[in-house]
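Participant: Every letter in the sequence shown is one number past the one before it in full-length UniProt numbering, and letter 192, counting from 1, is 192.
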Amino acid sequence: MDNRKVLYPYIRFSKDEQKHGTSYERQMDKIEKYAADNDFVIDDTLNLKDLGLSAFKGKHKDKGALGGSIKAIEKKSIPVDGSSYLCIEQFDRLSREDVDTAYQLFRSILKANVNIITLMDKRIYTKESLNDMMSIIYSIMLMSQANVESQKKSERITASYRTKLDKVKSGENILFAARYPEWIDNQGSIKDRQFVLNDKAEIVRRIFQLYLDGVSMNGIARIFNDEGIAPFMRTKNSINQWSSGNVSSILRNRCVVGDLCVSRTGVYYQRLLPSCN
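1. Apart from the five residues just before and just after Asn218, which ones in its own chain have a Cβ nearer than 7 Å to its Cβ?
2. Relative to the alpha-carbon of Ala201, which residue among Lys111, Gly258 and Leu94 has its alpha-carbon at the smallest distance?
3. Could you have a look at Asp37 and say whether DSSP puts it in helix, strand or coil?
4. So what does DSSP say about Leu197, is it helix, strand or coil?
5. Is Arg107 helix, strand or coil when you go by DSSP?
6. Roughly how many whole angstroms lie between the Cα atoms of Leu94 and Arg4?
7. Have a look at Cys255, Ala230, Arg107 and Met133 and flag the residue whose alpha-carbon is nearest the alpha-carbon of Tyr180.
8. Please report the straight-line C-alpha distance between Lys30 and Asn186, rounded to a whole angstrom.
9. Does the region 129-140 touch the region 75-82, meaning 3 or more C-beta pairs lie closer than 8 Å?
10. In this structure, does DSSP put Ile137 in helix, strand or coil?
11. What separation, rounded to the nearest whole angstrom, lies between the Cα atoms of Lys33 and Met120?
12. For Leu210, which of helix, strand or coil comes out of DSSP?
13. Less than 7 Å between C-beta atoms, sequence neighbours within five positions excluded: which residues of the same chain meet that for Gly21?
14. Grouping DSSP H, G and I as helix and E and B as strand, with all else coil, what is Leu119?
15. Give me the residue from Ile88, Ile109 and Val99 with the minimum Cα distance to Lys75.
16. Just grab the DSSP bridge partners of Asn186 for me.
17. If you run the structure through DSSP and keep just helix, strand and coil, what is Arg12?
18. Only counting the same chain, and skipping five residues up and downstream in sequence, which positions put a Cβ closer than 7 Å to that of Thr118?
19. What is the DSSP secondary structure of Lys49, reduced to helix, strand or coil?
20. Between the Cα of Tyr103 and those of Ala65, Gln145 and Ser77, spot the shortest distance and give me the residue it belongs to.
21. Report the option in Leu7, Arg206 and Leu46 whose CA atom is closest to the CA atom of Val247.
This is how it looks when you write it as structure tokens:
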């Protein structure tokens, strides 16, 4: 029987495009080297990876692998006898939320008798660390740094979005990447935009006409499913059919009248896109 300590690698990055880069490989290489150098057994059966989930807003806890790991600790699927080690590259992989929230997460893992390794400084935190003032101060300092960096980055990106969108509104053709509705194609480039309606625009028009004719959202979804029309907006159901939810999202979407909707700023820019009217 192998009595070595068990290391559970947790890997996270916040941007989807990083999936095609080296972030995952870099983090995993560091974990594997640390395990080999320090006589750990790696257990990756829980697949603790949050690829493209933010730690600033806690998405990795709400719907990601970190939330799953916390549940595994609560259910004792991860042993809580002191032999388990959650391994992260640095504190910002675990959380970029405010210090109080981040510390409570950190504390709850250690209190459950699951240890935490941070590869950045090769430190190991245990249940006993919660009674060590220097360990507490040091960890809180790093959590604060992660949160402040994320807050500043968020503010910079939001300000940049507002500046770019104001230029778009004034008619400038600038390099601006955005996710446009499924019924609109850009036949130009990001820099030289040439927006046109595609065939899906007719489905949008039909949704509005059916709704004006008194057909319920469930009824519209049923008609489209009976006709075999595939939904073009992301659906939550596994069989990928129309539902009242995605019909409602189109009926409430101001992009149908040509407004560019930017969730980051909460601002609507009127008549920048082709209208389905």
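Cβ atoms here follow ideal geometry from the backbone N, Cα and C, with glycine treated the same way.
These numbers come from a predicted model, not from an experiment.
Facilitator: Considering the structure as presented:
1. On the sequence shown, position 218 is the one that residue 218 refers to. For Asn218, where only same-chain residues beyond five positions count, the Cβ hits under 7 Å are Ser244.
2. Counting from one through the sequence shown, the residue named residue 201 turns up at place 201. The shortest C-alpha separation from Ala201 is found at Gly258.
3. For the purposes of this step, residue 37 is identified with residue 37 of the sequence shown, where counting begins at 1. Asp37: helix per DSSP, three-state reduction.
4. On the sequence shown, residue 197 is found 197 positions in, with the first residue counted as 1. DSSP, reduced to helix, strand and coil, places Leu197 within a strand of the structure shown.
5. Residue mapping note: residue 107 aligns to position 107 of the sequence shown, counting from 1. Three-state DSSP puts Arg107 in a helix.
6. Taking the first residue of the sequence shown as 1, we reach residue 94 at position 94. Taking the first residue of the sequence shown as 1, we reach residue 4 at position 4. Straight-line Cα distance between these residues: approximately 24 Å.
7. Numbered from 1 along the sequence shown, position 180 holds the residue referred to as residue 180. Per the Cα distances, Cys255.
8. Residue mapping note: residue 30 aligns to position 30 of the sequence shown, counting from 1. Residue mapping note: residue 186 aligns to position 186 of the sequence shown, counting from 1. So the two alpha carbons sit approximately 41 Å from each other.
9. No contact exists between the region 75-82 and the region 129-140.
10. Position 137 of the sequence shown, counting from 1, holds the residue named residue 137. Note: Ile137 maps to helix in three-state DSSP.
11. Here residue 33 corresponds to residue number 33 of the sequence shown, with the count starting at 1. Here residue 120 corresponds to residue number 120 of the sequence shown, with the count starting at 1. Using only the alpha carbons, I get a separation of about 13 Å.
12. The sequence position of residue 210 within the sequence shown is 210, counting from 1. Three-state DSSP puts Leu210 in a helix.
13. The residue given as residue 21 occupies position 21 in the sequence shown. Below a pLDDT of 50, predicted positions are generally treated as unreliable, and Gly21, at 48, falls in that range; the measurement from the model is reported next regardless. Nothing meets the Cβ criterion.
14. For this step, residue 119 is matched to residue 119 along the sequence shown. Coil, per DSSP.
15. Taking the sequence shown and counting its residues from 1, the one referred to as residue 75 is at position 75. Checking every option, the nearest Cα to that of Lys75 belongs to Ile109.
16. One-based indexing of the sequence shown puts residue 186 at position 186. For Asn186, which the question treats as bridged, DSSP gives the partners Phe195.
17. On the sequence shown, position 12 is the one that residue 12 refers to. Looking at Arg12 - three-state DSSP - the assignment turns out to be strand.
18. Against the sequence shown, residue 118 aligns to sequence position 118. Ile88, Gln90 and Phe91, listed in sequence order.
19. Within the sequence shown, numbered from 1, the residue matching residue 49 stands at position 49. Residue state, collapsed to three classes: strand.
20. Here residue 103 is taken as the residue at index 103 of the sequence shown, counted from 1. Nearest option by C-alpha distance: Gln145.
21. The residue labelled residue 247 in the question sits at position 247 within the sequence shown. Selected option, being the one with the closest Cα: Arg206.
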